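Enquirer: Chains A and P are the protein sequences, given in the same order.
Residue numbering for the first sequence follows UniProt numbering, beginning at 1 and increasing consecutively.
Residue numbering for the second sequence follows UniProt numbering, beginning at 1 and increasing consecutively.
Don't be surprised by glycine CBs; every beta carbon is placed ideally from N, CA and C.
A quick note: this is a predicted structure, and the numbers were derived from the prediction, not measured.
Once you've had a glance at the structure underneath, I'll fire off some questions.
Number of protein chains: 2
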Amino acid sequence: MRNLYHEQLDAIVDDLVTLTGTVRRAVAASTAALLNADAPLAEKVIDGDKLVDETIENIEERALLLLATQQPVATDLRQLVATLRMLTDLERMGQLAVHVSKVARLRMPEVAVPTGLQPTIMAMASVADQMIHAASRIVSDRDVIAAGKLEDTDDEMDKLRQQLFRTLLSDNWTHGVEPAIDLALLGRYYERIGDHAVSMARRVVYLVTGEIPSPS
Amino acid sequence: MRNLYHEQLDAIVDDLVTLTGTVRRAVAASTAALLNADAPLAEKVIDGDKLVDETIENIEERALLLLATQQPVATDLRQLVATLRMLTDLERMGQLAVHVSKVARLRMPEVAVPTGLQPTIMAMASVADQMIHAASRIVSDRDVIAAGKLEDTDDEMDKLRQQLFRTLLSDNWTHGVEPAIDLALLGRYYERIGDHAVSMARRVVYLVTGEIPSPS
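See the structure below:
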C-alpha cells in the first residue's frame with residue numbers, strides 16, 4: 001500500500017513535468033503564430049488550452065485524493081501542496097499563451113509586431129522558453145541551485161522589457177498608438193510567463209528547504 | 001482536541017476574510033494615489049504589500065500545519081486547499097495594487113490618467129472594489145449564488161475595458177503613446193484584480209459543491 005502511494009506521488013510529479021512541457025510548447029507556438037500571422041497555429045493554441053485545463057484538473061484531483069486518503073506528512077505533504085500551487089502557475093501560463101495568440105489573431109492578416117521589434121519579441125519569447133525549460137528541470141530534479149540561477153534569467157527578461165518600452169516611447173516610433181498598446185501588453189505577457197516560471201522554482205525551494213522564498 | 005481543531009480552521013477563514021479587506025483597501029488606496037497623484041499614499045500601498053505577504057505566509061503555515069497534523073477529510077480538506085488557492089489570488093491582487101501605485105508614482109507630479117479618462121478608471125476601480133467586497137462575503141458566507149452573480153459584475157469590467165480601449169484608439173486621442181500604454185496597462189491591472197475576485201468565488205463553489213467551475 002505504501003509503495004502504491006509513492007508510485008502515485010511520483011506519477012503526479014511526472015505528469016506535472018509533462019504538463020510543463022505542454023505549456024512550454026503552447027508558448028512557443030503562440031510566438032510563432034504572432035510573428036508569422038499564422039491563423040491555424042493561433043487557433044490551435046487557443047483550442048489547446050482546454051486540454052491543459054483538463055490535465056490540470058486531473059492532476060489536482062489525484063493530489064487531493066492522496067491528501068485525503070494517505071495523510072502525507074513532511075516532504076510528501078509539501079510536495080503535494082507545492083504541486084497544487086505550481087498547477088496554478090501552469091494554468092496561468094497557458095492563459096497567457098492564449099492572450100499572445102489572441103493579439104496575433106486580432107491583427108491578421110497583418111503581423112501584429114512591426115519588423116523592427118520582432119527581434120526583441122523573439123528574444124523575450126526565447127528567454128521565456130529557457131525559463132519554462134529550467135522550471136521543468138528544477139521540478140523534476142528538485143534542483144535548488146538552478147532555482148537561484150533562474151532569477152538571473154528573469155533579470156534578462158526585465159532588461160528586454162525596458163528595451164521594448166524605450167522603443168515604444170522613443171521619438172522614432174512611427175507606428176502609432178495601437179501597435180504600441182499591443183506591444184506593451186505582449187511584453188507584459190512574456191514577462192508574466194517568466195514570473196510564473198520563477199514562482200514554480202520558488203515552490204521547489206520551499207519543497208526542499210521548507211522555507212518560502214520571499215517574492216521579489 | 002477536535003474542538004480546538006475546528007476553532008483553528010474557523011480562525012483561518014476569519015483571517016482570510018480580514019486579509020481580503022486589507023487587500024481591498026490597498027486597491028482603493030492605489031486608485032486614490034493614481035487619480036490624485038498622491039505620493040505618500042502610493043508609497044504606503046507599495047510598503048504595505050510586505051505586510052500582506054507576511055499575513056499570507058502566516059495563514060499558509062497554519063493551514064499546512066492543520067493539513068499535516070489533523071488529516072482533515074471531505075469539506076475540511078477542501079476548505080484548506082481552497083484557502084491555499086485563495087491566498088495566491090490575494091497575493092496577486094496585492095501586487096496589482098502595487099503596480100497601479102507604481103504607474104502613479106512614475107508620472108508624478110502629473111496625474112497619470114488624462115482628465116477625460118478619469119471617470120472610466122474610477123468606474124473600473126469601483127467595479128473592482130465591489131468584486132473584492134463580494135468575494136469577501138462569498139468566502140465568509142459560502143454563498144454559491146452570490147458567486148454566480150459575481151460573474152455578471154465581471155462582464156461590466158469587460159465592457160469598461162473595451163470602452164477604455166476604444167478611447168485610446170480613437171482619432172480623438174491626442175495624448176500620445178506614453179499615456180496610452182499607461183492606461184492600457186492600468187486597464188489590464190483592474191481587469192486582473194476582478195479576475196482574481198472571480199477566482200476566489202470559484203474556489204468557494206468548489207468548496208461547497210466539490211466541483212471546480214471551468215475557467216472562462
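Which same chain residues end up closer than 6 Å to V111 (chain P) when comparing Cβ atoms and leaving out the 5 residues on each side of it in sequence?
Expert: Cβ within range, chain order: A37.
Enquirer: Going by beta carbon distance, what residues of the same chain come within less than 8 Å of T120 (chain P), once the five residues before and after it are set aside?
Expert: Excluding residues within five positions, the ones whose Cβ falls inside 8 Å are L160, Q163, L164 and T167.
Enquirer: Taking the straight line between their C-alpha atoms, what separation do you get for A104 (chain P) and V177 (chain P)?
Expert: Computed Cα separation, rounded: 17 Å.
Enquirer: Let me make sure I understand the geometry here. Which of P:R85, P:D171, P:G194 and P:V27 has the alpha-carbon closest to that of L150 (chain P)?
Expert: It is P:G194 whose Cα lies nearest to the Cα of L150 (chain P).
Enquirer: Going by CA-CA distance only, name the one from P:V73, P:L19 and P:D129 that's closest to T55 (chain P).
Expert: It is P:L19.
Enquirer: Three-state secondary structure (DSSP) at M122 (chain P)?
Expert: Of the three classes helix, strand and coil, the one that applies to M122 (chain P) here is helix, per DSSP.
Enquirer: Could you work out which residues of chain A lie near Q71 (chain P), taking near to mean beta carbons separated by less than 7 Å?
Expert: What Q71 (chain P) touches in chain A: Q71.
Enquirer: Report yes or no: do the region 69-86 of chain A and the region 58-68 of chain P share at least 3 C-beta pairs separated by less than 8 Å?
Expert: The region 69-86 of chain A is in contact with the region 58-68 of chain P.
Enquirer: Quick check: what's the CA-CA separation for H196 (chain A) versus T22 (chain A)?
Expert: Straight-line Cα distance between these residues: approximately 15 Å.
Enquirer: As a quick exercise: from P:L106, P:A11, P:H6 and P:L35, pick the residue whose alpha carbon is nearest that of S126 (chain P).
Expert: It is P:L35.
Enquirer: At which residues does the alpha helix (DSSP H) containing N58 (chain P) begin and terminate?
Expert: Note, N58 (chain P): alpha helix (DSSP H), A39 to Q70.
Enquirer: So is R161 (chain P) in contact with chain A if we call contact Cβ pairs under 8 Å?
Expert: By this cut-off, R161 (chain P) is not an interface position.
Enquirer: To the nearest angstrom, how far is the alpha carbon of D155 (chain P) from that of G94 (chain A)?
Expert: Distance between the alpha carbons of D155 (chain P) and G94 (chain A): 22 Å.
Enquirer: Please say whether A147 (chain P) and A201 (chain P) have beta carbons closer to each other than 8 Å?
Expert: Yes.
Enquirer: Taking only three categories from DSSP, how would you classify V198 (chain P)?
Expert: Reduced to three states, the DSSP call for V198 (chain P) is helix.
Enquirer: Measuring alpha carbon to alpha carbon, tell me which residue in P:L90, P:I59 and P:R203 is nearest D10 (chain P).
Expert: Checking every option, the nearest Cα to that of D10 (chain P) belongs to P:I59.
Enquirer: Once you ignore the five residues that flank M124 (chain A) on each side, which residues in its own chain have a CB closer than 6 Å to its CB?
Expert: Result list for M124 (chain A): L160 and Y190, in chain order.
Enquirer: When we look at the beta-carbon of S170 (chain A) and count the other beta-carbons within 10 Å, is it buried (16 or more) or exposed?
Expert: Per the 10 Å Cβ criterion, exposed.
Enquirer: Flag this pair as yes or no: are the beta carbons of V17 (chain P) and S199 (chain P) separated by less than 8 Å?
Expert: Not in contact: V17 (chain P) and S199 (chain P) (Cβ atoms no closer than 8 Å).
Enquirer: Any beta carbon of chain P sitting closer than 8 Å to that of residue 271 (chain A)?
Expert: Here chain A comprises residues numbered 1 to 216, so residue 271 (chain A) is not present and cannot be evaluated.
Enquirer: Counting only beta-carbon atoms, is L66 (chain P) nearer than 8 Å to chain A?
Expert: No, no contact with chain A.
Enquirer: Quick one, are the C-beta atoms of I181 (chain A) and A97 (chain P) less than 8 Å apart?
Expert: No, the pair does not count as a contact, with Cβ atoms beyond the cut-off.
Enquirer: Which residues bound the alpha helix (DSSP H) around residue 217 (chain A)?
Expert: The first residue shown for chain A is 1 and the last is 216, placing residue 217 (chain A) beyond what the model contains.
Enquirer: What in chain P is Cβ-close to L77 (chain A), meaning under 9 Å?
Expert: In chain order: L64, L67 and A68.
Enquirer: So which residues on chain A does V177 (chain P) lean against when the C-beta distance must stay under 7 Å?
Expert: Within 7 Å Cβ-Cβ: L168, L169, W173, V177 and A180.
Enquirer: Taking T115 (chain A) as the reference, which of A:S30, A:Q8 and A:W173 has the closest Cα?
Expert: With distances taken between Cα atoms, T115 (chain A) lies closest to A:W173.
Enquirer: Tell whether a beta-carbon distance below 8 Å holds between R188 (chain P) and R188 (chain A).
Expert: Contact: yes.
Enquirer: Is it true that the CB of A33 (chain P) sits closer than 8 Å to the CB of L41 (chain P)?
Expert: A contact, by the Cβ cut-off of 8 Å.
Enquirer: Classify G210 (chain P) as helix, strand or coil using the three-state DSSP reduction.
Expert: Of the three classes helix, strand and coil, the one that applies to G210 (chain P) here is coil, per DSSP.
Enquirer: Using a Cβ cut-off of 8 Å, which residues of the region 81-112 of chain P contact any Cβ in chain A, in chain order?
Expert: So the close ones are V81, L84, R85, T88, E91 and Q95.
Enquirer: I'd like to know if A184 (chain A) contacts chain P, where contact means its C-beta is closer than 8 Å to some C-beta of that chain.
Expert: Taking Cβ atoms only, chain P reaches closer than 8 Å to A184 (chain A), which makes this a yes.
Enquirer: From A24 (chain A) to A74 (chain P), what does the alpha carbon distance come to, in whole angstroms?
Expert: At residue 24 (chain A) the sequence reads Arg, which differs from the Ala that was named. So the alpha carbons of these two residues sit roughly 34 Å apart.
Enquirer: Answer with yes or no whether the minimum CB distance from R188 (chain P) to chain A is below 8 Å.
Expert: Closer than 8 Å to some Cβ of chain A, the Cβ of R188 (chain P) qualifies, so yes.
Enquirer: If G142 (chain P) sits next to L84 (chain P), beta carbons under 8 Å apart, how far is it from one beta carbon to the other, in whole angstroms?
Expert: A small correction: the amino acid at residue 142 (chain P) is Arg; Gly does not occupy that position in the sequence shown. That belief does not hold up - the Cβ atoms of R142 (chain P) and L84 (chain P) are roughly 17 Å apart, past 8 Å.
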